[in-house]
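In the working numbering, the protein residues as written are 64 to 429. In what follows, a single structure is set out as structure tokens and then discussed.
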Amino acid sequence: MRLVVTGGGTGGHVYPAIAVANAWMGIGPDHDALFVGAEGGMEARAAHAAGLPFEGIAATKLPPHFGPATFRALAATLRGTLQARRALVRARPAAVVSTGGYAGAAAACAAITMRVPVVLVEPNAVAGRATRWLGRWARRVCVAFEEAAAWFPRERTIVTGAPIRAGIVSRVDEGSARAHFGLPGEGIVLLVVGGSQGARTLNQAVAGALSALPEAVAVLHQTGLTDAEEARARAAAAGLAPPRYVARTYLELADMPLAYAAASLVFCRCGASSLAEATANGLPAIMTPLPTAFADHQTANARSLVRAGGGVLLAQRDLTPERLAEIAWGIAGDRERLRAMSDASRAVGRPDAADRVARVAQEVAR
64 MRLVVTGGGT GGHVYPAIAV ANAWMGIGPD HDALFVGAEG GMEARAAHAA GLPFEGIAAT
124 KLPPHFGPAT FRALAATLRG TLQARRALVR ARPAAVVSTG GYAGAAAACA AITMRVPVVL
184 VEPNAVAGRA TRWLGRWARR VCVAFEEAAA WFPRERTIVT GAPIRAGIVS RVDEGSARAH
244 FGLPGEGIVL LVVGGSQGAR TLNQAVAGAL SALPEAVAVL HQTGLTDAEE ARARAAAAGL
304 APPRYVARTY LELADMPLAY AAASLVFCRC GASSLAEATA NGLPAIMTPL PTAFADHQTA
364 NARSLVRAGG GVLLAQRDLT PERLAEIAWG IAGDRERLRA MSDASRAVGR PDAADRVARV
424 AQEVAR
């Protein structure tokens, strides 16, 4: 049986789709997968890197305000839907799984008009516009957060968690993982992850907080390309160097599970994939949502983990180096609190979410 996965625009749509495709192919030797996404988008590169065949379609983001660009975007979406139909005719899939984004919406629309079963994946606590609209026709909707279920028909909605990359939970022990990065074997490690491109606001707060953190806290910092040199320079100015402060421009796929294994807690944005990976690894999170995210969905994601007891919400307007250092040491310096938050984070983590979604797709395909 063939599964078409679709979604794109950001890693939060692309990597969950790849995770589901891999889980689907792991069900049996007769299961294969095709990725349908925006031509020229990041999904093409990611799919090829994952060894998945790829079909490109037209896809354009709708502008926030109505105007001439709206008509151009709608025309591109219509063209993409027709292209997706042709791709589905050739592929003859048993089901389509869409993780969102404009390419994902076009391909899901094409599948619905062809009566191919569609499974939607909504990884955020606030459902996206396209996913809300498509939910009325989808055979199943898989949500990561209980709160998101309110947007969809109850009888067709399942809480599966957000699909994450296979192997993101490492079997390597903490000491070996820390040795891989040259971090201290003892004490606390704060992992800073602002996404694959880094996050300048988070980077600046970390740079200012370094001198305020006790010696018992080491920092593993994914800076992104833009801020790499500045981050290292500010750490040096504060008198910090490896093993107390280790900066990486980008944590490769093989490094990311080791980074989680080495860490005691994480400072991050609140995208669904970031939180899904942190909770799968049982890490308490200090979370600063991106304030410009659609419908402030990152804040909703963060609040869900706060309610579970696994994280602290630090709004960007309140983010200062002093406040960050205070919160980080308030967690790390209290072993009982750190352990309780780790347990709470792990309790809500769903490392098998991709397998769950793949099984739902298999169910509707039959």
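The beta carbon of each residue, even a glycine, is placed where N, CA and C say it ideally should be. Please read these numbers as outputs of a predicted model, since none were measured by experiment.
With a cutoff of 7 angstroms on beta-carbon distance, Ser405 and Pro320 are scored as not near each other. Going by beta carbons, Val420 and Val83 fall inside the 7 angstroms limit. Here DSSP, grouped into helix, strand and coil, assigns Ser233 to coil.
Taking one beta carbon from each stretch, the region 85–92 and the region 413–428 have 3 or more pairs nearer than 8 angstroms; the two touch. Annotated three-state conformation of His284 is strand, per DSSP.
Membership of Val179 in any alpha helix (DSSP H) is not indicated, and neither H nor E is assigned to it by DSSP.
Of all C-beta pairs linking the region 302–311 to the region 200–217, fewer than three are shorter than 8 angstroms, placing the two stretches out of contact.
For the set Ala154, Thr140, Leu353 and Arg178, the Cα lying nearest the Cα of Glu102 is the one of Thr140. Within the model, the alpha-carbon separation for His94 versus Leu401 is close to 42 angstroms. Rounded to the nearest whole angstrom, the CA to CA distance from His243 to Phe134 is 52 angstroms. Bridge partners of Asp95 according to DSSP: Arg65. For Phe134, the three-state secondary structure derived from DSSP is helix. Taking C-alpha positions only, Glu340 is separated from Arg195 by approximately 25 angstroms. Rounded to whole angstroms, the separation of the alpha carbons of Val179 and Ser327 is 45 angstroms. DSSP, read as helix, strand or coil, puts Ile81 in helix. For Glu118, the enclosing beta strand (DSSP E) begins and ends at Phe117 to Ile120.
For the pair of segments examined, the region 218–232 was found not to touch the region 272–281: the number of CB pairs separated by less than 8 angstroms stays below three. Val189: not part of any alpha helix (DSSP H); DSSP gives it neither H nor E. Closest in C-alpha terms to Lys124, from the list Phe98, Asn364 and Ala169, comes Ala169.
Contact between Thr264 and Gly287 fails: their C-beta atoms lie close to 12 angstroms from each other, not under 8 angstroms. In the three-state reduction of the DSSP assignment, Ala157 falls in the coil class, being assigned neither a helical nor a strand state. In this structure, the CA atom of Val206 is about 36 angstroms from the CA atom of Glu385. Classified as exposed, Thr355 has fewer than 16 neighbouring CB atoms from the shown chains inside 10 Å of its CB. The distance from the Cβ of Ala325 to that of Ala240 is about 4 angstroms, consistent with a contact at the 8 angstroms cut-off. In this structure, the alpha-carbon of Leu387 lies about 22 angstroms from that of Leu314. Counting only runs of at least 4 residues, the region 269–345 fully encloses the following alpha helix (DSSP H) elements, listed from N- to C-terminal order: 291–300, 319–325 and 335–343. Per DSSP, the beta-bridge partners of Ala348 are Val329 and Gly374.
Around the beta carbon of Phe98, 16 or more other beta carbons sit within 10 angstroms, so the residue counts as buried.
Membership of Leu246 in any alpha helix (DSSP H) is not indicated, and neither H nor E is assigned to it by DSSP. Boundaries of the alpha helix (DSSP H) around Ile394: Pro384 to Ala395.
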